[in-house]
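The listed protein sequences derive, respectively, from chains A and B. Just so it is clear: in the first sequence, position 85 is 66 by my numbering, and no numbers are missing. Each number in my numbering comes from the position in the second sequence (counting from 1) with 646 added on. In this text, a Cβ means the ideal position worked out from N, Cα and C, and glycines have one as well.
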Amino acid sequence: MEKKSKLSILLNGIIKENPTFILVLGTCPTIAVTTQAFNGLGMGLCVTLVLMCSNIFISLLKKIIPDTVRIPCYIVVIAAFVTIVQFLLQAFLPDLNKSLGVFIPLIVVNCIILGRAEMFANKNSVIDSAMDGIGMGLGCTLALTLVGTIREIIGNGTWMGITLTANMITPFSLLILAPGGFFVFGLMIAVMNKLTKGGVKRKSFDCEGCPTASACQNKEGGCN
Amino acid sequence: MNKRNLIVSSAPHVVSPVNTSRIMLDVLIALVPAVAMATYVFGMRALLLTAVCAAACVAFEYAVEKILKRDVTISDLSAAVTGVILSLNLPANLPFWMAIVGAFIAIVLVKQLFGGMGQNFANPAITARVALFVGFATAMTNFPLPVAQQTADAITGATPLGLFAKGMVEELPSNAQMFFGTIGGSMGETSALALLIGGAYLLFKKVIEPTIPACFIGTVAVMAILTGNDPIFHVCAGGVMLGSIFMATDYVTSPITTKGKVIFGIGCGLLTMVIRLFASYPEGVSFAILIMNILTPHIDNLTIPALNGVPKEKKAKKGGDK
């Protein structure tokens, strides 16, 4: 992998390889918690914190973790940070903790975090991994906040809890229900594809960046 | 009438006068009685809503095709048909802007984003109705009473199915009222007679086959009898007539083979009655058709007719295993 500047690693996750809209990772919380912009923002920041910390730790431990059992090791590291985040939320933001509910513990299995651990942190330096974690996390935060904004304004007539149009026109409440999540998410991916001219280039998904590379290489049905 | 096999002989070919715009014009003609009946029962507001829906659908179709640089196909009338059918699915007093949101969902989201005419996976009008029904729950279930029954205090009222769901059986209108359509409800759902006239015209012009409507309506009637309810009430109430004649028979979203159509019709009828009798919504026709629309590709896969002259390999294999 060619050497990249720290800034380009950071910016990479925000637009060019936006984890939510381009890599399409972690879609479960994208659809489930974005009924309000604030929930999306909160979820995104939690993911950012966990992602940054787990990337740093996994990058530090990459020489020690045996390759055959690396996924359980990643999960233990990630779970530790998720537990810390949940305790922090319970202590300081109990309302947000309540509205995000089960999706906070589910960050453990969020594909963005496991995916970045596998694709980036276990083969890059600690500082690069931290930058990648922050960039990817911010990209995810922006995406969730954007989806939450669209859904909350149209579906509920409010934004961040502030009443905007709810008194003037009847909100189209379909958008804060589950189908609305799929509608907005699908349309956002379409818009991002249009803006980035067909999304990320296929090249960056070669075996080097593929999470299942070691399992599928030189095997029947594998890429190589 | 051998429709199963498409035989392309050598030239010269006879050019059939039947094309998309001819079929859609026939559907529009068949919808006239239903729109006329809705206008008679609910007043001019109903006709105006139909016009708004049709105009909005055509405008959205034109705009999207221009933006996406596709061929503009508004002259095939399919968008206008979608608009009229959508309006018949709405209560006559629905605000116009909500109807336009419905037209947007039907034409832009369901039809054009999936590739336009013939590519949509579900019926645009039914999807728009379901989206509006879930999104604007209050406005979409605020059904006006027929103009003749309105009083100073009561402009809206419960539909027959609403009364049925609440168990107020003694207040239900008579079966004659249900049949002629002088009852509350969505614009096109009320008059079974007007819809049957339109359906008969479509059958006469061979635009639709009777398989799906017959299976749909028949299943609803049988289910009603089996569960001890009045079959005539359940067939005339709600959207069964409108759905089975005009929406379940959509070419794009219903199975191709006769066997598939039978499965499709029975599935619609079963789901409708299950939702009416056991679910929390009083009416299930639109959900039933939408679910069966999604299952249509699988029904088609399961009912591919056997090819002539090809030995039945599967059966031979099964015999060999034994």
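Which of helix, strand or coil DSSP assigns to residue i
i	result
Ile143 (chain A)	strand
Pro790 (chain B)	strand
Met833 (chain B)	coil
Pro663 (chain B)	coil
Ser35 (chain A)	helix
Leu69 (chain A)	helix
Gly966 (chain B)	Bear in mind that the predicted position of Gly966 (chain B) carries a pLDDT of just 43, short of 50, making it unreliable; the figure below should be weighed with that in mind. Reduced to three states, the DSSP call for Gly966 (chain B) is helix.
Gln758 (chain B)	helix
Met647 (chain B)	Confidence in Met647 (chain B) is poor, its pLDDT being 43 and thus under 50, which makes the residue's placement unreliable; the coordinate value appears in the next sentence. The answer is coil: DSSP assigns Met647 (chain B) none of H, G, I, E or B.
Met(-18) (chain A)	Note that Met(-18) (chain A) scores a pLDDT of 44, beneath 50, so its modelled location is shaky; the value from the coordinates is reported in the next line. The answer is coil: DSSP assigns Met(-18) (chain A) none of H, G, I, E or B.
Met869 (chain B)	helix
Phe19 (chain A)	helix
His685 (chain B)	Correcting the residue identity first, residue 685 (chain B) is Thr in this sequence and not His. Looking at Thr685 (chain B) - three-state DSSP - the assignment turns out to be helix.
Pro10 (chain A)	helix
Gln765 (chain B)	coil
Phe892 (chain B)	helix
Tyr927 (chain B)	coil
Thr274 (chain A)	In the structure as shown, chain A begins at -18 and stops at 205. Residue 274 (chain A) is therefore absent and cannot be evaluated.
Asn739 (chain B)	coil
Gly884 (chain B)	coil
Ser721 (chain B)	helix
Val898 (chain B)	coil
Arg63 (chain A)	In the sequence on display, residue 63 (chain A) carries Val and not Arg. In the structure shown, Val63 (chain A) sits in a helix (DSSP, three-state: H, G or I).
Ser656 (chain B)	coil
Thr1 (chain A)	coil
Ala680 (chain B)	helix
Asn205 (chain A)	Residue placement at Asn205 (chain A) is flagged as unreliable, the pLDDT there being 47, under the threshold of 50; the coordinate-derived value follows with that caveat. It is coil, neither helix nor strand.
Phe825 (chain B)	helix
Phe862 (chain B)	helix
Lys104 (chain A)	helix
Ser154 (chain A)	helix
Pro951 (chain B)	coil
Ser40 (chain A)	helix
Span of the alpha helix (DSSP H) around residue i
i	result
Asn939 (chain B)	931 to 948
Asn78 (chain A)	75 to 81
Phe750 (chain B)	742 to 750
Ile921 (chain B)	904 to 924
Met117 (chain A)	107 to 137
Gly781 (chain B)	770 to 781
Tyr847 (chain B)	838 to 850
Leu732 (chain B)	724 to 734
Gly96 (chain A)	92 to 100
Ala702 (chain B)	690 to 713
Pro160 (chain A)	159 to 176
Leu(-9) (chain A)	-13 to -8
Cβ-based burial, residue i [other Cβ within 10 Å; buried from 16]
i	result
His659 (chain B)	exposed
Ala680 (chain B)	buried
Leu714 (chain B)	exposed
Met824 (chain B)	buried
Cys9 (chain A)	exposed
Lys175 (chain A)	exposed
Gln71 (chain A)	exposed
Ala726 (chain B)	buried
His880 (chain B)	buried
Ala962 (chain B)	With a pLDDT of 47 at Ala962 (chain B), under the threshold of 50, the predicted position of this residue should be treated as unreliable, though the coordinate-derived value follows. Exposed, since its Cβ has fewer than 16 Cβ neighbours within 10 Å.
Ile945 (chain B)	buried
Asp717 (chain B)	exposed
Leu953 (chain B)	exposed
Pro951 (chain B)	exposed
Proximal chain D residues relative to residue i, where beta-carbon distance stays under 9 Å
i	result
Ala785 (chain B)	This model lacks chain D altogether; the protein chains it does include are A and B.
Sufficient close CB pairs (3 or more, under 8 Å) joining the region 74 to 81 of chain A to the region 100 to 111 of chain A: no
Inter-stretch contact (C-beta, 8 Å, three-pair minimum) for the region 860 to 872 of chain B and the region 679 to 699 of chain B: When Cβ pairs closer than 8 Å are counted between the two stretches, the region 860 to 872 of chain B is seen not to touch the region 679 to 699 of chain B, the count staying below three.
Interfacial residues, the region 134 to 163 of chain A to chain B, with Cβ spacing under 9 Å: Contact annotation: in the region 134 to 163 of chain A, residues whose CB is within less than 9 Å of a CB in chain B are Gly136, Ile150, Thr151, Pro152, Phe153, Ser154, Leu155, Leu156, Leu158, Pro160, Gly161.
Cβ contact check for the region 761 to 769 of chain B and the region 735 to 746 of chain B: 3 or more pairs under 8 Å: no
Three-pair Cβ contact test at 8 Å for the region 743 to 760 of chain B versus the region 902 to 918 of chain B: no
The region -11 to 1 of chain A in contact with the region 112 to 124 of chain A per 3-pair CB rule at 8 Å: yes
Residues in the region 864 to 878 of chain B having any Cβ partner in chain A nearer than 7 Å: none
The region 9 to 22 of chain A touching the region 122 to 130 of chain A, judged by at least three CB pairs closer than 8 Å: yes
Touching by the beta-carbon criterion (3+ pairs, under 8 Å), the region 891 to 900 of chain B and the region 845 to 858 of chain B: The region 891 to 900 of chain B vs the region 845 to 858 of chain B: in contact.
Contacting positions in the region 916 to 935 of chain B - beta carbon closer than 9 Å to chain A: Residues of the region 916 to 935 of chain B whose Cβ lies closer than 9 Å to any Cβ of chain A: none.
Proximal residues, the region 691 to 709 of chain B versus chain A, C-beta separation under 7 Å: none
Touch test, the region 751 to 761 of chain B against the region 926 to 944 of chain B, Cβ-Cβ under 8 Å, three pairs minimum: no
Contact between the region 151 to 160 of chain A and the region 32 to 40 of chain A (3+ Cβ pairs under 8 Å): no
Cβ pair count under 8 Å reaching 3, the region 59 to 68 of chain A against the region 85 to 93 of chain A: yes
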